[in-house]
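Each remark here refers to the structure printed beneath this line.
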Amino acid sequence: MEVAMVCTRVNLLLLILSLCSPYKFIQSPMDFGPLNLLPTTTEASSDFGRILFHSPSAVLKPQSPRDISLLLSFLSASSLSKVTVAARGAGHSIHGQAQALDGIVVDMCSLPSQIEFYRGGEGDISYADVSGGAMWIELLEQSLKLGLAPRSWTDYLYITIGGTLSNAGISGQTFKHGPQISNVLQLEVVTGRGETVTCSPTKDAELFNAVLGGLGQFGIITRARILLQEAPLKVKWTRAFYDDFGTFTKDQELLVSMPDLVDYVEGFIVLNKQSLHGTSIAFPANMGFNPDFGTKSSPKIYYCIEFAVHDYQHKNTNVNQVVEAISMQMSHIGSHLYSVEVSYFDFLNRVRMEEMSLRSSGLWEVHHPWLNMFVPKAGISDLRDLLMDNISPDNFKGLILIYPLLRHKWGTNTSAVLPDSGSTDQVMYVVGILRSANPEEGCSHDCLQELLRRHRHIADTAGARLGAKQYLAHHPTPAGWHQHFGPRWERFADRKVRFDPLSILGPGQGIFAKGNKNVVYAS
């Protein structure tokens, strides 16, 4: 055993020397003891955004958390190493957050997708223990076999458990159950020091809270215990249209004030026919909404709320009556409310249908210069005006999401950053500019850079004037990160020193430079 460990450490030392060299020695798969390292791949140097392409020197495909621990233990103990490590799940980031230039990318999807369930009795909780590299769609498929499902979701399910928990994980259920990071009971984490730690709100709570929403800066999530609830059989899915923004947001806030009746609330801006059609692909109902979008010089903007009510079918509730009672309190455009009943699985997996449509048209693997923000309630009307000042409705391709969240559903000790409310108001909004830019349709380098510039202007202006904070944040400078965290920066930096003192992890975020273990960034 001792001989094997010595050989492993020698092999890892050779690995570090090769990675620190200006030459790329890893040109084919190499066996460094128990660690199988592959040469860099196109997948490891790209992501969904297709904006940045940073090539690592090697890709680790771990077969167990021990492989990750072994790598990080040696790197953190070596004074020679300048190597950084990024955990990559499904690669759904936008600005290279899961990339590691000349470092090592850990392919989390290589971990076995082990899922174990515990079903509690009457009054007890149910949960699933699941690999950090497993996708949410896998957890959904397996849990539904038991009549169970997680409470909180993301809109797109083909992303990993560890990836969303490193950010927050939000969707239309967040107002009711909080983000995904508020629905975790326990984590297994490999820290930047290489230590494997099982943590929870009551055991190693500082690490538990640091990792949740921690942008991959403190550790790699290798396993998570996810809270489950009884799964409904069907969902009543409803859409209502508006021509006034104030009425649109007022009705959204009405819906999130009824968590005993409503299970999901989202909304989006209808800028043009393309945005209306693109958001209707997964909605299996014939909508008679064919509005006049005006002219290029005088556009007309519309808005859509979608909400859903779970149908358990075995309980004494008539879902149609519930939806009718809710809709009677709303102020949508007359006769433009549409409802359809779908299976719970199809509802949660609705974006997959849109993905398949885009893939068939060659429009999925294009640039995605997305921008997501949390905006205080007091600033949401000004944010709408800011968007319209910087977006041309006639040629916008994509989706603009706007829907409310509730602050008290978020923990205060995690690393996730929310805007200051300045009041006791619990409502804030998430705004997502989810646009695409296709080079084959004329949006090449200069066009993409202009879109990124505009989004940066929107983000900077919304931050300075409205107190907005980016979600899935991207800041090109340390000063931008300091401003992003605000008064929470010191705690974030202290946690970095404690759990990843050599700044090995998460280089693609651009928050900390790889340096000595005593580095602390002052704001």
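According to mature numbering (1 follows the signal peptide of the UniProt record, and there is no 0), the residues represented by the sequence shown are -22 to -1, 1 to 501, in order. Every residue gets a Cβ at the ideal spot worked out from N, C-alpha and C, and that includes glycine. As the structure is a computational prediction, the values presented were derived from the model and not from experiment.
Looking at the ligand NAD, does it come within less than 7 Å of residue i, judged from the CB to the closest heavy atom?
i, result
"Thr455", "This structure does not include the ligand NAD; it has no bound ligands of any sort."
From this set, the options, which residue's C-alpha is nearest residue i's C-alpha?
i, options, result
"Leu205", "Gly245, Phe246, Arg473 and Leu163", "Leu163"
"Cys425", "Ile311, Thr392, Val344 and Lys212", "Val344"
"Pro277", "Thr19, Asp367 and Tyr242", "Asp367"
"Tyr316", "Met334, Tyr322 and Phe285", "Phe285"
"Ser309", "Phe226, Arg337, Met351 and Leu30", "Phe226"
"Leu122", "Gly312, Leu49 and Arg97", "Arg97"
"Ser109", "Glu173, Asp241, Pro90 and Val301", "Pro90"
"Ser414", "His346, Leu232 and Gly486", "His346"
"Ser160", "Val167, Gly170 and Ser178", "Ser178"
"Ser235", "Ser59, Met406 and Phe463", "Met406"
"Gly172", "Glu231, Ser130 and Val63", "Val63"
"Ala451", "Asp398, Gly224 and Met351", "Met351"
"Ser33", "Asp403, Ser42, Pro43 and Leu16", "Leu16"
"Phe52", "Ile148, Ser338 and Val168", "Val168"
"Gly147", "Val408, Glu94, Asp222 and Gly488", "Val408"
Need the endpoints of the beta strand (DSSP E) that residue i sits in, please.
i, result
"Leu13", "Leu13 to Leu16"
"Val300", "Looking at the DSSP string, Val300 is not in any beta strand (DSSP E); the run it does join, the alpha helix (DSSP H), is Val297 to Ser305."
"residue 561", "Because residue 561 is not part of the residues shown, which for the chain are -22 to 501, the question remains open."
"Val353", "Leu349 to Pro354"
"Phe95", "Ile93 to Tyr96"
"Asp363", "Note, Asp363: premise wrong, no beta strand (DSSP E); alpha helix (DSSP H) at Ile358 to Asn368."
"Ser321", "Leu315 to Ser321"
"Ala106", "Ser104 to Ser109"
"Ala36", "Ala36 to Leu38"
"Leu126", "Leu126 to Pro128"
With respect to the alpha helix (DSSP H) encompassing residue i, which residues constitute its N-terminal and C-terminal limits?
i, result
"His288", "Looking at the DSSP string, His288 is not in any alpha helix (DSSP H); the run it does join, the beta strand (DSSP E), is Tyr280 to Asp289."
"residue 515", "No answer is possible for residue 515: it lies beyond the span of the chain, which begins at -22 and ends at 501."
"Glu119", "Trp114 to Leu122"
"Thr390", "Taken as a continuous stretch (DSSP letters only), Thr390 belongs to no alpha helix (DSSP H), as it is neither H nor E."
"Leu426", "His423 to Thr439"
"Glu468", "Trp467 to Phe477"
"Lys154", "Thr152 to His155"
"Leu53", "Pro43 to Ala55"
I need the DSSP call for residue i, collapsed to helix, strand or coil.
i, result
"Phe3", "Annotation note: pLDDT 47 at Phe3 (below 50); position unreliable, coordinate value reported separately. If DSSP states are grouped into helix, strand and coil, Phe3 belongs with coil."
"Val61", "coil"
"Thr174", "strand"
"His345", "strand"
"Cys167", "Reading off the sequence shown, one finds Val at residue 167, where the question assumed Cys. Of the three classes helix, strand and coil, the one that applies to Val167 here is strand, per DSSP."
"Trp215", "strand"
"Lys447", "strand"
"Met334", "helix"
"Gly486", "helix"
"Ile139", "helix"
"Thr200", "strand"
"Ile378", "strand"
"Pro417", "helix"
"Gly272", "strand"
"Val395", "coil"
"Leu193", "coil"
"Ile411", "strand"
"Gly69", "coil"
"residue 574", "The chain is shown only over -22 to 501; residue 574 falls outside these bounds and no answer can be derived."
"Leu30", "coil"
"Gln77", "coil"
"residue 518", "Summary: the structure shown does not reach residue 518, with the chain confined to residues -22 through 501, and so no result is reported for it."
"Ala491", "coil"
"Leu89", "coil"
"Leu480", "coil"
Please go through the stretch 221 to 251 and give each complete alpha helix (DSSP H) segment of 4 or more residues, from N-terminal end onward. Counting whole runs of 4 or more residues, the stretch 221 to 251 contains the alpha helix (DSSP H) stretches 223 to 234.
Flag this pair as touching only if the stretch 416 to 423 and the stretch 207 to 215 have three or more C-beta atom pairs under 8 Å; answer yes or no. no
Count Cβ pairs between the stretch 472 to 484 and the stretch 447 to 461 that sit closer than 8 Å; are there 3 or more? no
Can you find at least 3 beta carbon pairs, one from the stretch 146 to 158 and one from the stretch 235 to 251, that sit closer than 8 Å? yes
Evaluate the contact criterion for the stretch 260 to 267 versus the stretch 316 to 326: three or more CB pairs, one atom per stretch, below 8 Å. yes
Given 8 Å, three or more beta-carbon pairs between the stretch 350 to 365 and the stretch 127 to 136: no
Does the count of Cβ pairs from the stretch 179 to 190 and the stretch 104 to 118 closer than 8 Å reach three? No, they do not touch.
Would the stretch 425 to 441 count as touching the stretch 380 to 390 if we require 3 or more Cβ pairs under 8 Å? no
Counting Cβ pairs, one atom from each stretch, are 3 or more of them under 8 Å apart for the stretch 20 to 40 and the stretch 63 to 76? yes
Is there contact between the stretch 279 to 298 and the stretch 243 to 256, where contact requires at least three CB pairs shorter than 8 Å? yes
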